[in-house]
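So the structure is just underneath, and the comments pick up after that.
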Amino acid sequence: MPIPHATVEQLERQARVIRRHIIRMIHAAQSGHPGGSLSATDIVTALYFHFMRVDPGNPHWPERDRFILSKGHACPVWYAALAERGFFPVEELLTLRQINGRLQGHPDMEKTPGVDISTGSLGQGLSLGVGMALGLKIDRSSARVYVVLGDGELNEGEIWEAAMAAAKFQLDNLTAFVDYNNLQLDGWCSDVMPIEPLRDKWRAFNWETFEIDGHSMRQIVDTIEAAQQVTGRPSVIIAHTVKGKGVSFMENQCDWHGRAPNDAEFEQAMAELQDPMDSAEVGTSRA
Amino acid sequence: MKWAEAIPTRFAYGEELVALGHELPNLVVLEADISKSTQTYRFAKAFPERFFQMGVAESNMMLVAAGLATTGKIPFASTYAVFGTMRACEQVRTFIAHTHLNVKIACSHGGVTPGNDGVTHQATEDLGIMRTIPGITIIVPADYHATRKLVRAAAHHVGPVYLRFTRDPVPVIYREEDEFTIGKGKQLRSGSDVSLIAIGDMVAIALEAHEQLAQRGIQADVIDIHTLKPLDREIIVASARKTRRVVTLEDHQIHGGLGSAVAEVLGEECPTPLRRIGLRDTFAESGEYRLLLRKYGMDADAVVAAAMELLQR
Chain A
0 MPIPHATVEQ
10 LERQARVIRR
20 HIIRMIHAAQ
30 SGHPGGSLSA
40 TDIVTALYFH
50 FMRVDPGNPH
60 WPERDRFILS
70 KGHACPVWYA
80 ALAERGFFPV
90 EELLTLRQIN
100 GRLQGHPDME
110 KTPGVDISTG
120 SLGQGLSLGV
130 GMALGLKIDR
140 SSARVYVVLG
150 DGELNEGEIW
160 EAAMAAAKFQ
170 LDNLTAFVDY
180 NNLQLDGWCS
190 DVMPIEPLRD
200 KWRAFNWETF
210 EIDGHSMRQI
220 VDTIEAAQQV
230 TGRPSVIIAH
240 TVKGKGVSFM
250 ENQCDWHGRA
260 PNDAEFEQAM
270 AELQDPMDSA
280 EVGTSRA
Chain B
0 MKWAEAIPTR
10 FAYGEELVAL
20 GHELPNLVVL
30 EADISKSTQT
40 YRFAKAFPER
50 FFQMGVAESN
60 MMLVAAGLAT
70 TGKIPFASTY
80 AVFGTMRACE
90 QVRTFIAHTH
100 LNVKIACSHG
110 GVTPGNDGVT
120 HQATEDLGIM
130 RTIPGITIIV
140 PADYHATRKL
150 VRAAAHHVGP
160 VYLRFTRDPV
170 PVIYREEDEF
180 TIGKGKQLRS
190 GSDVSLIAIG
200 DMVAIALEAH
210 EQLAQRGIQA
220 DVIDIHTLKP
230 LDREIIVASA
240 RKTRRVVTLE
250 DHQIHGGLGS
260 AVAEVLGEEC
270 PTPLRRIGLR
280 DTFAESGEYR
290 LLLRKYGMDA
300 DAVVAAAMEL
310 LQR
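Residue numbers (numbering that gives the first Met the number 0), protein chains in the order written: chain A, 0 to 286; chain B, 0 to 312.
Take a look at the structure:
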């Protein structure tokens with residue numbers, strides 16, 4: 000069934016809320032990774048606000064869909080989505096990276112409600128997803144596993160070990176996304192360590208492949224829906240994205256991989272991310 | 000020691016896995032293409048739907064095990080000790096130990112027991128590496144019966160466990176009815192002249208040394224530390240207080256493993272002259288297991304010499 004236009008618009012609006020949270024959190028912490036958080040925002044929003052069956056009142060509900068942020072440094076986007084879904088108070092987002100807080104610099108399953116698995120060391124999330132998807136298959140659960148991979152971490156060999164295993168075990172309950180913003184920490188992917196031809200690589204590993212604009216909410220929702228119909232093999236959605244998406248001076252700038260905005264940059268970023276439908280909220284603690 | 004009737008402890012692991020498979024429907028086994036070596040092939044035959052062949056990819060295997068544990072399974076991930084603790088070290092540290100996931104890292108080919116294979120397949124730093132990682136229970140059974148019981152205990156223990164088995168046969172020193180508790184050492188002989196504190200395959204060597212010392216009229220205390228972590232500090236301190244001389248025995252580097260652990264306890268609670276038997280900051284080489292022990296100063300003669308040196312101080 001086609002996803003209604005109104006739903007897509009609503010998701011786009013939600014994504015703007017998430018982006019503002021990301022900027023607010025990283026500004027408050029004066030530390031964190033805005034670039035990769037903003038590039039993954041539309042994918043994470045679509046998952047948490049349209050597709051994923053989760054219960055904020057019961058984060059360990061066995062039948063829940065699982066989410067793994069393999070590129071764990073982008074956790075501000077995950078925390079923002081979890082808070083907006085009601086796993087913890089939105090106000091808590093401002094405790095990012097603070098001592099005694101629940102929002103660690105990289106995701107910690109024992110500290111943050113709704114975080115299904117700790118991540119942050121690159122190249123590991125897909126293996127964890129294979130294990131979860133296998134476990135759910137053994138239990139004949141209909142729950143699904145979603146993994147968001149960074150492009151840089153595809154340099155890690157373990158990603159491809161996991162890719163082989165996922166195909167071997169026919170994990171059609173596993174969907175991976177490549178947040179392909181084409182920038183890793185030291186520069187363009189093509190310079191640091193070329194990953195192309197990327198779609199051919201996944202095809203060669205016997206995955207169902209999709210390639211989309213990772214900021215088109217319509218393409219994201221339609222493609223996730225299509226991936227859910229695939230049987231007998233895992234799916235990967237190669238999502239072309241822009242690092243720092245939504246904040247003009249952060250877009251496509253390697254420098255904004257792991258840098259916090261100062262007060263002036265914060266004001267400008269928040270102004271750019273202002274929702275035309277809701278102009279009164281900028282700069283407050285609640286989006 | 001009855002070397003003629005020796006059994007590799009990995010055999011006991013393979014047999015006990017099958018027994019546990021009948022009792023624990025959530026127990027699953029992952030393997031990295033050496034199931035005949037690790038003996039997990041027995042489980043694969045009995046429970047094919049709960050056996051996952053992961054190929055030659057240990058890093059991935061450990062995290063697939065971690066993922067399975069999040070869904071309530073009890074994964075036993077098996078490979079050689081050198082790969083399980085070193086190739087996949089960060090995976091174990093960050094995604095199994097830090098997360099406290101219920102994964103059992105069950106590895107064969109501990110110490111120099113894969114003698115002929117040489118250094119690539121001998122795990123002689125694994126215990127030190129695992130011991131520095133918070134939250135991992137480390138178990139090294141001494142013989143067939145100890146392995147059966149401790150594998151069972153590990154399966155019922157909630158949390159990460161590292162188990163280390165031998166490739167080569169080691170003497171059977173326990174009886175089938177002997178019981179083992181994780182974290183509690185076993186007093187095998189009582190003597191007041193010198194303490195021989197041993198782990199894994201070196202427990203049999205300690206018993207050999209005990210016999211040789213007895214022939215010289217020296218009564219040795221012999222303790223099996225089958226659980227390196229959490230360490231049974233009480234049994235170590237009590238023995239040291241009694242004998243005032245301690246020799247540790249491990250099939251491992253003398254740095255980081257049992258010798259270091261015992262030195263830490265004694266240094267804090269009961270400073271005692273100590274000698275450590277093990278690899279002395281060197282790699283071994285290819286060669287028959289017992290000849291390697293001899294060449295590298297880890298056989299009963301070396302233990303007796305260390306004990307005599309302490310006694311003559």
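Every residue gets a Cβ at the ideal spot worked out from N, C-alpha and C, and that includes glycine.
Keep in mind the model is a prediction, meaning the values are calculated, not measured.
Around the C-beta of K44(B), fewer than 16 other C-beta atoms lie within 10 Å, and the residue is accordingly described as exposed. Counting only runs of at least 4 residues, the segment 90 to 140 of chain A fully encloses the following alpha helix (DSSP H) elements, listed from N- to C-terminal order: 124 to 137. Here V91(B) is actually not in contact with A68(B); their C-beta atoms are around 12 Å apart, not less than 8 Å.
Annotation: I135(B) is outside any alpha helix (DSSP H) and is labelled neither H nor E by DSSP. For W187(A), the three-state secondary structure derived from DSSP is strand. For L100(B), the closest of H108(B), I73(B), G114(B) and G13(B) by C-alpha to C-alpha distance is I73(B). DSSP places H209(B) in the helix class (H, G or I) of the three-state scheme. The CB of M131(A) comes closer than 7 Å to the CB of G66, T69 and T70 in chain B, given here in chain order. At a cut-off of 7 Å between beta carbons, V63(B) contacts chain A. Secondary structure remark: continuous beta strand (DSSP E) runs of at least 3 residues inside the segment 41 to 80 of chain B, in chain order: 50 to 52 and 73 to 79. Between H26(A) and P260(A), the CB-CB gap stays under 7 Å.
Burial is judged here by how many other beta carbons sit within 10 angstroms of a residue's own beta carbon; L290(B) has fewer than 16 and is exposed. The CB of D212(A) never comes closer than 7 Å to any CB in chain B; the least such distance is about 30 Å. Within the segment 166 to 211 of chain B, the runs of beta strand (DSSP E) at least 3 residues long that lie entirely inside it are, in chain order, 185 to 188 and 193 to 197.
Assigned with DSSP and collapsed to three states, T37(B) falls in helix. The beta-carbon separation of F164(B) and C106(B), rounded to 7 Å, stays under the 8 Å limit for a contact.
Around the beta carbon of E207(B), 16 or more other beta carbons sit within 10 angstroms, so the residue counts as buried. Apart from sequence neighbours up to five positions away, no residue of its chain approaches P270(B) with a beta-carbon distance below 8 Å. Of all residues in the segment 104 to 131 of chain A, only D107, M108, E109, D115, I116, S117, T118, G119, S120, G122, Q123, G124, L125, S126, L127, G128, V129, G130 and M131 come within less than 9 Å of chain B when Cβ atoms are compared, listed by chain position. Taking a 10 Å sphere around the C-beta of V118(B), we find fewer than 16 other C-beta atoms and assign the residue as exposed. Each of G156(A), K136(A) and V191(A) was checked against the Cα of N172(A), and the nearest Cα belongs to K136(A). The beta carbon of T98(B) falls within 7 Å of a beta carbon belonging to chain A, placing the residue at that interface. In this structure, the straight-line span from the alpha carbon of L16(B) to that of H156(B) is close to 15 Å. In this structure, the straight-line span from the alpha carbon of S141(A) to that of Q227(A) is close to 11 Å. If you keep only unbroken alpha helix (DSSP H) runs of at least 4 residues inside the segment 11 to 57 of chain A, you get 33 to 45. Secondary structure at R275(B): strand, using DSSP grouped into helix, strand and coil. Listed along the chain, the chain A residues whose CB falls inside 8 Å of the CB of F51(B) are L133 and F168.
Cβ contact annotation for K228(B) (same chain, cutoff 8 Å, sequence separation greater than five): M129, R130, I135, T136, I137 and A260, in chain order. Excluding its 5 nearest sequence neighbours in each direction, K185(B) has C-beta neighbours in its own chain below 6 Å: D223, listed in chain order. Residues of the same chain with a CB within less than 6 Å of the CB of E30(B), apart from the 5 flanking positions on each side, are T39, Q52 and S77 in chain order. At a cut-off of 7 Å between C-beta atoms, S58(B) counts as an interface residue with respect to chain A. For S285(B), there is no enclosing beta strand (DSSP E), as DSSP marks it with neither H nor E. For E250(A) and L93(A), the gap between their C-alpha atoms comes out near 23 Å.
A82(A) is outside the set of residues whose beta carbon lies under 7 Å from a beta carbon in chain B.
Counting of Cβ neighbours within 10 angstroms places I211(A) among the buried residues, the total reaching 16 or more.
Listed along the chain, the chain B residues whose CB falls inside 9 Å of the CB of A164(A) are F51, M53, G54, A56, N59, M60 and V63.
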